[in-house]
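Student: Residue numbers (the working numbering), protein chains in the order written: chain A, 800 to 990; chain B, 518 to 874; chain C, 231 to 383. For glycine and all other residues, C-beta sits at the position ideal for the given N, C-alpha and C. Note that the coordinates shown come from a computational prediction; the quantities given were computed from them, not determined experimentally. Just dropping this structure here.
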């Protein structure tokens, strides 16, 4: 029985390679690809959200505990683990809660020209943000609190997909003050 | 593990579970929000009072990295909670929670697990857990491997097709009282089961577990805390898990030494067993487990129908624990054995012995 | 949501390319496959492990002595695969078996290429059938065929 306190000796010199293959180029790796297919059926709140989204309507879920609005809706208030039944319609205007300028391209996304701005978009009336692309201005003009508006796809291109909004462009309105922007507004009740 | 005084008394004080063929009305998050609330409410404990939360689930089952993070929404994890996760059946998450309670840092724990195998191809997902050089590239599905095991047992005369059909019949009859059972029948006929053609030779459809979506939540508590949550807690008298080699060719597949050892270490032999909930994927595996656990007529096996009635990958083991616990809590039984398995052909096994006062 | 509307669904594919380094022992086995040879490794009790592993599964000792084993052996157990899984190397229904090659004390998993389950028997003797083009992969073995058949080499 091997001594458990003694690590095993390095094997690369010690293994007796059979003579019949000892002079040959050894195999050093094997390709073992994996491909798993799933049939993804979103929950009813998300189904409702996607169908409304195809009509340029953005739905959120309002918490029965304190009225906090979550978008996109997932059917629960994540702070309390409580089911949400109430949907609310939100406008497609909001502000940038936070952002970053990305210089590295994403594999498979040749449509995204670098550098681009990914931002946390906080819609008017929502308590949390979601990821969005900010464009329609110079990257260095983007700032926390910047008011933005959705730029939707053409009518005939809309579908049940998050891709309906191409990007968020600045409206030119005065910025939301930093104390009220993004998740800093977490504890504040929605006006 | 012996009945040593150095171990803290930890009990299951509340359970909730749900299984169905295909979860369509709600997603995993909504299902678990409901089950976790029910479980906490019936114990009378809030999430703020819970010391530790541990879950079991599989990202490969969901097809999403960190899928279990979504499900934290159903716990209400704000302000931030002390939490852990295992990429395994919830029974192993319960083991981790039990260890945390033993350390003495916390007095209560919430354990939950769930799975939605209907969304993907579970038999392909499970092939990816096998030896990546020699076995996995052949993509052998879990039922085929279980069939290899069944044939060995039949060839060696250790089981018969009749005995397997008896197990299937027991599961279908018992399951008819279980709202979570996907396959059950009060009137199932032995002849019909015997006449079924093999679908994964030599296994017939009724010999193979019925895959289901679902989830389970359990609350653990220590000492007096347990007594404050529940009139008759189901005390964990022993819990242990062991694993055999992952190399199929070196194992004697007609046996499960890790199951035997886990049961021994958990204290199976210290007293009689009123009931046992064993987690086998096939009728043949249930027969192996009955032997390893030395179960005889005095023990009622799989009153829930077992995983032959409803098998939710990642939750079946925790559900076995919850089935034993709930019957102890309600006073139907005094002492039971719950078992969970993982890996091909009963490779890894957890045994939990529960007792009411 | 109207009851008449069917639920939205989307196909989700999770895909990984994966190239795994083999190390010395598994690498030697794979080299053997490329050269139409089968190797095992000796354990300290003298028994032979096929396919070979780097460490003894029971004692955990490092294993170093590789030896060639026979291309033929015995079916220890089997089942029938119909239909074959999409990513498996086979297109047609076949048997999946644990085969103990002569010279080995453990069995390995692979296919037995017969037309129907009625041709399968525990204890039957089978022999390796190789692919024309081999790269050093477990699928270099097409499978195993009944020993009485003509061997395709």
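Please state if the CB of residue 618 of chain B and the CB of residue 527 of chain B are separated by a distance shorter than 8 angstroms.
Tutor: Indexing the second chain from 1 puts residue 527 of chain B at position 10. Indexing the second chain from 1 puts residue 618 of chain B at position 101. Cβ distance < 8 angstroms, so residue 527 of chain B and residue 618 of chain B count as in contact.
Student: Is it buried or exposed, residue 930 of chain A, if we count other Cβ atoms within 10 angstroms and call 16 or more buried?
Tutor: For the purposes of this step, residue 930 of chain A is identified with residue 131 of the first chain, where counting begins at 1. That one is exposed.
Student: When you check each C-beta in the region 650 to 671 of chain B against every C-beta of chain C, which residues fall closer than 7 angstroms?
Tutor: For the region 650 to 671 of chain B, which is checked against every Cβ of chain C, the residues closer than 7 angstroms are 650, 651, 652, 654, 655, 656, 657, 658, 661, 664, 665, 668 and 669.
Student: Which residue marks the beginning of the alpha helix (DSSP H) containing residue 722 of chain B, and which one marks its end?
Tutor: On the second chain, residue 722 of chain B is found 205 positions in, with the first residue counted as 1. Where residue 722 of chain B is concerned, there is no enclosing alpha helix (DSSP H), given that its DSSP letter is neither H nor E.
Student: Apart from the five residues just before and just after residue 297 of chain C, which ones in its own chain have a Cβ nearer than 8 angstroms to its Cβ?
Tutor: For this step, residue 297 of chain C is matched to residue 67 along the third chain. 269, 270, 271, 272, 278 and 333.
Student: Report the residues of the region 346 to 359 of chain C with a CB closer than 7 angstroms to any CB of chain B, ordered along the chain.
Tutor: Going along the region 346 to 359 of chain C in chain order, one finds 347 and 352 with a Cβ nearer than 7 angstroms to chain B.
Student: Would you call the region 851 to 861 of chain A in contact with the region 883 to 894 of chain A, where contact means no fewer than 3 C-beta pairs closer than 8 angstroms?
Tutor: Verdict: yes, contact present.
Student: What residue does the beta strand (DSSP E) around residue 666 of chain B start on, and which one ends it?
Tutor: Residue numbering aside, residue 666 of chain B sits at position 149 when the second chain is read from its first letter. Taken as a continuous stretch (DSSP letters only), residue 666 of chain B belongs to no beta strand (DSSP E), being part of the alpha helix (DSSP H) at 659 to 672.
Student: For residue 672 of chain B versus residue 352 of chain C, is the C-beta distance shorter than 8 angstroms?
Tutor: Position 155 of the second chain, counted from the first residue, corresponds to residue 672 of chain B. Position 122 of the third chain, counted from the first residue, corresponds to residue 352 of chain C. Yes, the Cβ-Cβ distance between residue 672 of chain B and residue 352 of chain C is below 8 angstroms.
Student: Is residue 834 of chain A buried or exposed, if buried means 16 or more other CB atoms sit within 10 Å of its CB?
Tutor: The residue you call residue 834 of chain A lines up with position 35 of the first chain. Exposed, since its Cβ has fewer than 16 Cβ neighbours within 10 Å.
Student: Anyone know if the C-beta pair for residue 330 of chain C and residue 263 of chain C falls short of 8 angstroms?
Tutor: Start at 1 with the first residue of the third chain, and residue 330 of chain C comes out as number 100. Start at 1 with the first residue of the third chain, and residue 263 of chain C comes out as number 33. No, these two residues do not count as a Cβ contact at 8 angstroms.
Student: Just mark residue 491 of chain B as buried or exposed, buried being the case when its beta carbon has 16 or more other beta carbons within 10 Å.
Tutor: Here chain B has residues from 518 to 874 only, and residue 491 of chain B is not among them.
Student: Three-state secondary structure (DSSP) at residue 650 of chain B?
Tutor: Here residue 650 of chain B corresponds to residue number 133 of the second chain, with the count starting at 1. Coil.
Student: May I ask which residues mark the beginning and end of the alpha helix (DSSP H) holding residue 615 of chain B?
Tutor: If you number the second chain from 1, residue 615 of chain B lands on position 98. Note, residue 615 of chain B: alpha helix (DSSP H), 607 to 620.
Student: Who are the neighbours of residue 848 of chain A on chain C, taking C-beta pairs under 9 angstroms?
Tutor: For this step, residue 848 of chain A is matched to residue 49 along the first chain. None at all; the shortest Cβ gap to chain C is about 10 angstroms.
Student: In angstroms, rounded to a whole number, what distance separates the CA positions of residue 300 of chain C and residue 282 of chain C?
Tutor: Here residue 300 of chain C corresponds to residue number 70 of the third chain, with the count starting at 1. Here residue 282 of chain C corresponds to residue number 52 of the third chain, with the count starting at 1. Distance between the alpha carbons of residue 300 of chain C and residue 282 of chain C is about 14 angstroms.
Student: Taking 8 angstroms as the threshold (beta carbon to beta carbon), is residue 859 of chain B in contact with chain C?
Tutor: Along the second chain, read from residue 1 onward, the residue named residue 859 of chain B stands at position 342. No, its Cβ sits nowhere closer than 8 angstroms to a Cβ of chain C.
Student: Could you give the distance in angstroms between the alpha-carbon of residue 237 of chain C and the alpha-carbon of residue 849 of chain A?
Tutor: Locating residue 237 of chain C in the third chain gives position 7, counting from the first residue. Locating residue 849 of chain A in the first chain gives position 50, counting from the first residue. Those two C-alpha atoms are separated by around 11 angstroms.
Student: Would you kindly report the start and end of the unbroken alpha helix (DSSP H) that includes residue 809 of chain B?
Tutor: In the second chain, counting from the first residue as 1, residue 809 of chain B sits at position 292. Here the alpha helix (DSSP H) through residue 809 of chain B covers 800 to 809.
Student: Below 6 angstroms CB to CB, which residues in the same chain sit around residue 798 of chain B once its five sequence neighbours on both sides are set aside?
Tutor: The sequence position of residue 798 of chain B within the second chain is 281, counting from 1. Taken in chain order, the residues that qualify are 663 and 726.
Student: With distance defined between alpha-carbon atoms, name the residue in A/825, A/956, A/916 and A/868 nearest to residue 935 of chain A.
Tutor: As a first step, residue 935 of chain A is located in the first chain; it is residue number 136 there, counting from the start. Closest option to residue 935 of chain A, Cα to Cα, is A/916.
Student: With DSSP run on the structure shown, which of helix, strand or coil describes residue 590 of chain B?
Tutor: Your numbering for residue 590 of chain B matches position 73 in the second chain. Correct three-state label for residue 590 of chain B: helix.
Student: For the alpha helix (DSSP H) containing residue 848 of chain A, list its first residue and its last residue.
Tutor: Start at 1 with the first residue of the first chain, and residue 848 of chain A comes out as number 49. Segment 843 to 852, the alpha helix (DSSP H) holding residue 848 of chain A.
Student: Is residue 544 of chain B close to chain A, meaning its C-beta is less than 8 angstroms from at least one C-beta of that chain?
Tutor: Taking the second chain and counting its residues from 1, the one referred to as residue 544 of chain B is at position 27. Residue 544 of chain B counts as touching chain A.
Student: Comparing C-alpha positions only, which one of B/550, B/560, B/570 and B/546 sits nearest to residue 846 of chain B?
Tutor: Taking the second chain and counting its residues from 1, the one referred to as residue 846 of chain B is at position 329. Closest by alpha carbon: B/560.
Student: What's the C-alpha gap between residue 255 of chain C and residue 645 of chain B?
Tutor: For the purposes of this step, residue 255 of chain C is identified with residue 25 of the third chain, where counting begins at 1. For the purposes of this step, residue 645 of chain B is identified with residue 128 of the second chain, where counting begins at 1. Their Cα atoms are separated by approximately 22 angstroms.
Student: So which residues on chain C does residue 764 of chain B lean against when the C-beta distance must stay under 7 angstroms?
Tutor: Within the second chain, the letter at position 247 stands for residue 764 of chain B. Correct list: 283 and 287.
Student: Comparing alpha-carbon positions, which option in C/317, C/310 and C/362 lies nearest residue 342 of chain C?
Tutor: What you label residue 342 of chain C is simply residue 112 of the third chain in a count that begins at 1. For residue 342 of chain C, the nearest C-alpha among the options comes from C/310.
Student: Helix, strand or coil for residue 237 of chain C, going by three-state DSSP, please let me know.
Tutor: In the third chain, residue 237 of chain C corresponds to position 7, counting from 1. It is coil, neither helix nor strand.
Student: Return helix, strand or coil for residue 850 of chain B, following the three-state DSSP convention.
Tutor: Locating residue 850 of chain B in the second chain gives position 333, counting from the first residue. Coil.
Student: Give the range of the alpha helix (DSSP H) segment to which residue 712 of chain B is assigned.
Tutor: In the second chain, residue 712 of chain B corresponds to position 195, counting from 1. Unbroken alpha helix (DSSP H) run through residue 712 of chain B: 707 to 712.
Student: Can you give, in chain order, each stretch of the alpha helix (DSSP H) that sits fully within the region 238 to 266 of chain C and has at least 4 residues?
Tutor: If we require 4 residues or more, the alpha helix (DSSP H) runs fully inside the region 238 to 266 of chain C come out as 253 to 264.
Student: Could you check where the beta strand (DSSP E) with residue 536 of chain B kicks off and where it finishes?
Tutor: As a first step, residue 536 of chain B is located in the second chain; it is residue number 19 there, counting from the start. Counting along the chain, the beta strand (DSSP E) containing residue 536 of chain B begins and ends at 527 to 537.
Student: Pull up the distance between the alpha-carbon of residue 746 of chain B and that of residue 625 of chain B, whole angstroms please.
Tutor: Your numbering for residue 746 of chain B matches position 229 in the second chain. Your numbering for residue 625 of chain B matches position 108 in the second chain. Their Cα atoms are separated by approximately 10 angstroms.
Student: Once you ignore the five residues that flank residue 902 of chain A on each side, which residues in its own chain have a CB closer than 8 angstroms to its CB?
Tutor: Translated into the one-based positions of the first chain, residue 902 of chain A becomes position 103. Cβ neighbours of residue 902 of chain A beyond the five flanking positions: 913 and 914.
Student: In whole angstroms, give me the CA-to-CA distance for residue 990 of chain A and residue 924 of chain A.
Tutor: Along the first chain, one-based indexing puts residue 990 of chain A at 191. Along the first chain, one-based indexing puts residue 924 of chain A at 125. With a pLDDT of 40 at residue 990 of chain A, under the threshold of 50, the modelled position of this residue cannot be trusted; read the value that follows with caution. Distance between the alpha carbons of residue 990 of chain A and residue 924 of chain A: 7 angstroms.
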